[in-house]
Amino acid sequence: MKPRPPTMREKKRYLLARIEPRGLQVDPKELYYAVLESLTSLYGDSVSSQAQPAVISAAGGYAIIRCTRGYEDLLRTALTMVTGVNEVRLVLRSCATSGTIHSLKTRIAAAPSIPAPDPAGLEIGGKCFDAYHYGSEKVDLIEKGFKNQELLFLTQTDLEEF
Amino acid sequence: MITTDAAVHPYPAGDSSLRRMASEAHELGFDSIVAIDGQNTEMYGVRVIRGVLISENQLKNVIGQVRRRSGKGDLVIVNAGETAFNRSVIAVKEVGILRHIHKAPKNSFDHVAARLASERGVAIDLDLHPVIHMKGPSRQRVLQKYRDIIRLHTRYRFPLTVSSNAYSVLDMRSPDEMKSICRVFGMSGQDVDDALSAISRLFNPGSAVKVVR
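Chains as they are written, first to last, in the numbering used here: chain B, 5 to 166; chain F, 1253 to 1465.
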């Protein structure tokens, strides 16, 4: 099949979103369903079909999401309303919009990498947590396990007080 | 402009410590937060205002709670109820914010209460938690109520506040994100800016508006 000439193709925009909590691994397909569900429940099927959202990648604590040009604002609003993926709580913080994937990947490369969890882990109230330290103070505690993991968001000072 | 998230619930009510919430608020671009049952302090360059949340059905109980629980510099927030309750609670001097109007009976916050709120300088809070977390008909009802509040606000110009009502840092949203959410129920960007800075005006009522000719 002959590809469509560039002038006849629909223009796309790419949104970069930071996934929090930072240590979370998200399946791109599950993320796509969460974004689509949020967009559809907020603006309806008509807008969703025109926006054509698609998750290009979801790795390293960032997601790149594609949409039709002109729908970036609506998609950004829908992203703020995503509260979880596959029963795992998370938030998507929109960082940038671009016309190319390349520029967003450059941004991701410049951002600080996700820290590895503390190998020793932590035990609070009889539950075992993976501790992710990042920034100068922040500590995210994610309960070890597969489903319904408890999350705690503290600072280094809080941890010392515990 | 001092931007404020009008209600967050730190640990133990939520899963994030007050320090972490203040740090997150700083990164998101807030200058202050109202922490329910928190403490009046400053952390990471963010002013933390202690909020006293009162959920009662009768006025005398509200007054009792205000006397027992609130101190100097605290912000008293009351959950809305029936029409008569809302009107009378707005008249209580210590009350700063009336919230959860979306949970109150239909038309319980009417034009009389709106005019009273405007005269007394009591803010009406728009809680974004149900807009973010609810889906379907329940969210539609909330959006409908918020549109009605915006209509009354346009006529009577009572103060509005916007809150994430966050129990976790994952529930907190930046001022820009709040702006885009508020656009969903027809609030203009200027109105959102005014609502985000309303808390500082509640504490300094003298510095509200100056007409320069």
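Note that beta-carbon positions come from the ideal geometry of N, C-alpha and C, so glycine has one too.
All values derive from a computational prediction rather than experimental measurement.
Boundaries of the beta strand (DSSP E) in which residue i is found, first to last residue
i         : result
Arg1351/F : Val1347 to Arg1351
Glu76/B   : Segment Glu76 to Thr84 is the alpha helix (DSSP H) holding Glu76/B; no beta strand (DSSP E) there.
Glu127/B  : Leu126 to Ile128
Arg97/B   : Val95 to Ser102
Val1414/F : Leu1412 to Ser1415
Val1286/F : Ser1284 to Ile1288
Met1295/F : Thr1293 to Met1295
DSSP-derived helix/strand/coil call for residue i
i         : result
Leu1305/F : strand
Val22/B   : Checking the sequence shown, residue 22/B turns out to be Arg, not Val. Strand, per DSSP.
Gly1325/F : coil
Leu145/B  : strand
Leu1380/F : coil
Phe1455/F : helix
Tyr136/B  : strand
Tyr66/B   : strand
Ile1401/F : helix
Asn1331/F : strand
Ala1356/F : coil
Asp1446/F : helix
Phe1337/F : helix
Thr110/B  : helix
Leu1395/F : helix
Leu155/B  : strand
Lys131/B  : strand
Ala1366/F : helix
Gly88/B   : strand
Asp1257/F : strand
Ile204/B  : Outside the displayed span of chain B (5 to 166) sits residue 204/B, for which this structure offers no information.
Lys16/B   : strand
Ser1440/F : coil
Arg1299/F : strand
Val59/B   : strand
Pick from the options that is closest to residue i, judged by C-alpha positions
i         : options                                       : result
Val1364/F : Gly1325/F, His1405/F, Ser1420/F and Ala1447/F : His1405/F
Arg26/B   : Asp162/B, Leu163/B, Asp77/B and Asp134/B      : Asp134/B
Ala1447/F : Asn1313/F, Gln1396/F and Ser1416/F            : Ser1416/F
Val1260/F : Gly1297/F, Ser1420/F and Ser1390/F            : Ser1420/F
Glu1276/F : Leu158/B, Glu165/B, Thr110/B and Val30/B      : Leu158/B
Leu1327/F : Val1347/F, Arg1339/F and Leu1395/F            : Val1347/F
Val1444/F : Phe1455/F, Gln1317/F and Asp1428/F            : Asp1428/F
Tyr1263/F : Thr1255/F, Thr1256/F and Ala1274/F            : Ala1274/F
Phe150/B  : Val143/B, Cys132/B, Thr161/B and Glu165/B     : Cys132/B
His1385/F : Gln1310/F, Ile1288/F, Gln1396/F and Leu1422/F : Leu1422/F
Thr101/B  : Leu163/B, Arg22/B and Ser53/B                 : Arg22/B
Thr1335/F : Gly1323/F, Ile1329/F and Lys1358/F            : Lys1358/F
His1381/F : Thr84/B, Glu14/B, Pro119/B and Arg8/B         : Thr84/B
Tyr136/B  : Asn152/B, Ile68/B, Ala114/B and Leu156/B      : Leu156/B
Enclosing alpha helix (DSSP H) for residue i [first to last residue]
i         : result
Thr11/B   : Premise fails: Thr11/B is in no alpha helix (DSSP H) and is neither H nor E.
Asp167/B  : Because chain B spans 5 through 166 in this model, residue 167/B falls outside it and cannot be assessed.
Glu165/B  : Gln160 to Glu165
Leu1270/F : Leu1270 to Leu1280
CB of residue i within 9 Å of CB of residue j, strictly
i         : j         : result
Met1439/F : Ile1402/F : yes
Arg1372/F : Ile1342/F : yes
Ala1332/F : Arg1351/F : yes
Arg1367/F : Pro1411/F : no
Ser1426/F : Arg80/B   : no
Val1300/F : Gly1316/F : no
Asn90/B   : Glu34/B   : yes
Ala82/B   : Leu46/B   : yes
Ile1451/F : Ala1258/F : yes
Ala55/B   : Leu78/B   : yes
Val92/B   : Val30/B   : yes
Cys99/B   : Leu43/B   : no
Ile118/B  : Gly65/B   : yes
is_contact[residue i, chain D] using C-beta, thresh 9 Å
i       : result
Gly27/B : Given the protein chain composition of this structure (B and F), no chain D is represented.
Short-range partners of chain F found in the segment 64 to 81 of chain B, where Cβ spacing is below 8 Å
Within the segment 64 to 81 of chain B, the residues whose Cβ lies closer than 8 Å to any Cβ of chain F are, in chain order, Asp77, Arg80 and Thr81.
Going along the segment 1410 to 1439 of chain F in order, which residues come within less than 9 Å of chain B, judged by CB to CB distance?
Here the close residues are Ser1420, Val1421, Leu1422, Asp1423, Met1424, Arg1425, Ser1426, Asp1428, Glu1429, Met1430, Ser1432, Ile1433, Arg1435 and Val1436.
Give me the subset of the segment 1380 to 1395 of chain F whose CB atoms are less than 8 Å from a CB atom of chain B, sorted by chain position.
Cβ contacts with chain B: Val1383, Ile1384, His1385, Lys1387, Gly1388 and Arg1391.
Between the segment 1266 to 1297 of chain F and chain B, which residues of the former have CB atoms less than 7 Å from a CB of the latter, in chain order?
Answer in chain order: Asp1267, Ser1268, Ser1269, Arg1271, Arg1272 and Ser1275.
Output needed in chain order: residues of the segment 122 to 147 of chain B with a Cβ under 7 Å from some Cβ in chain F.
So the list reads Glu141 and Lys142, given in the order they occur along the chain.
Residues of the segment 29 to 61 of chain B whose Cβ lies closer than 8 Å to any Cβ of chain F, in chain order
Result list: Ser45 and Leu46.
Taking a Cβ distance cut-off of 8 Å, strictly less, list which residues of the segment 91 to 114 of chain B are near chain F, in chain order.
Of all residues in the segment 91 to 114 of chain B, Arg93, Leu94, Val95, Arg97 and Ser98 have a Cβ within less than 8 Å of some Cβ in chain F.
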